[in-house]
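Trainee: Quick one: structure below, then a few questions.
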Amino acid sequence: MNIIFLGPPGAGKGTQSQIVSRRLGIPQISTGDMLRQAVSDKTATGLKAKAYMDAGQLVPDDIMIDIVRERLQSADCQKGYILDGFPRTVAQAQALAEFADIHAVINLNVPDEVLVRRLGGRRVCPACGAPYHVDRLGGKTTCEADGTPLIQRDDDRPETVQSRLNVYHEKTAPLVNYYEGMGCMKTVGGGEMTLEEISEAIFSALEAIQ
Ligand code: AP5
55 MNIIFLGPPG AGKGTQSQIV SRRLGIPQIS TGDMLRQAVS DKTATGLKAK
105 AYMDAGQLVP DDIMIDIVRE RLQSADCQKG YILDGFPRTV AQAQALAEFA
155 DIHAVINLNV PDEVLVRRLG GRRVCPACGA PYHVDRLGGK TTCEADGTPL
205 IQRDDDRPET VQSRLNVYHE KTAPLVNYYE GMGCMKTVGG GEMTLEEISE
255 AIFSALEAIQ
């Protein structure tokens, strides 16, 4: 199954797509993680992307479309994949439709005030990308999976979070209508649901779409 996770920053796309990836045995492709790796490796793409990311703006469509087109050609994508953070504009969705068949879109719906709280308390593992929240870490400061010290992402500063939310509403939210019209999208969430409740709702939605 080729799946898209859609939703605002902090909606839980990374958290939930990792759970689905483990259960279905298909790769999670996070464009945000790929860009952060490129920034850290100081590649040409990373150097171009950094200023946009630091400002909470979207990296230009042509760069993102090339990155995803190339990634989907890898052998590990042949049995299915989960796109986490792509597409983010109607132009990206239209380009994707030319080189990929999408079977399911999961739209995570979370109110802005909850997103601001989540992103402010988020800590991530710089090695494997696993996200945590300070409220559930119980004072721990390292990744459960590999013991790496957790960090706060640069773009989780309050002023950048607000501009990411503005960009979401202006450029990415229109994709909800775009995919709704295709009949392969389910919206999950809408209130304060736990991680486990959301995972269950996602698996039910995927079964209903299949
Ligand atoms: P990206 O890395 O994709 O960031 P994002 O979309 O802003 O999403 P986040 O990673 O912030 O949140 P998430 O939805 O994955 O939530 P998470 O699971 O971590 O992109 C970063 C930047 O790269 C963009 O701003 C842009 O510049 C660029 N970029 C990337 N893709 C692009 C594209 N296609 N086009 C152009 N530019 C692109 O959860 C958040 C927190 O909440 C965690 O602490 C988690 O533990 C907690 N949490 C999750 N679910 C729950 C729950 N149910 N209850 C309580 N806490 C929860």
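Residue numbers (the numbering used here): 55 to 264.
Virtual Cβ for every residue (Gly too), placed ideally from N, Cα, C.
Answer yes or no: the CB of residue 94 versus the heavy atoms of the ligand AP5, is any distance below 8 Å?
Mentor: Along the sequence shown, one-based indexing puts residue 94 at 40. Checking every heavy atom of the ligand AP5 against the Cβ of residue 94, none is found closer than 8 Å.
Trainee: Would you report the Cα separation of residue 84 and residue 71, rounded to the nearest angstrom?
Mentor: Taking the sequence shown and counting its residues from 1, the one referred to as residue 84 is at position 30. Taking the sequence shown and counting its residues from 1, the one referred to as residue 71 is at position 17. Those two C-alpha atoms are separated by around 9 Å.
Trainee: Quick one: is residue 179 buried, meaning 16 or more other Cβ sit within 10 Å of its Cβ, or exposed?
Mentor: Residue mapping note: residue 179 aligns to position 125 of the sequence shown, counting from 1. Residue 179 is buried by the Cβ-count criterion.
Trainee: Candidates 109, 88, 78: which alpha carbon is nearest residue 213's?
Mentor: By one-based count along the sequence shown, residue 213 stands at place 159. Closest option to residue 213, Cα to Cα, is 109.
Trainee: Hey, quick one: how far does the alpha helix (DSSP H) through residue 260 stretch, first residue to last?
Mentor: Here residue 260 is taken as the residue at index 206 of the sequence shown, counted from 1. Counting along the chain, the alpha helix (DSSP H) containing residue 260 begins and ends at 249-263.
Trainee: Hey, out of 144, 162, 106, 140, whose CA is closest to residue 251's CA?
Mentor: Taking the first residue of the sequence shown as position 1, residue 251 is located at position 197. Among 144, 162, 106, 140, the Cα nearest to that of residue 251 belongs to 162.
Trainee: So who's on the other strand from residue 218, going by DSSP bridges?
Mentor: Along the sequence shown, one-based indexing puts residue 218 at 164. Looking at the DSSP assignment, residue 218 forms no beta bridge with any residue, so it has no partner.
Trainee: Beta-carbon within less than 7 Å of residue 82's beta-carbon, same chain only, minus the 5 sequence neighbours each way: which residues are those?
Mentor: Within the sequence shown, the letter at position 28 stands for residue 82. Counting only Cβ-Cβ distances below 7 Å, and skipping sequence neighbours, we find 71, 72, 75, 136, 138.
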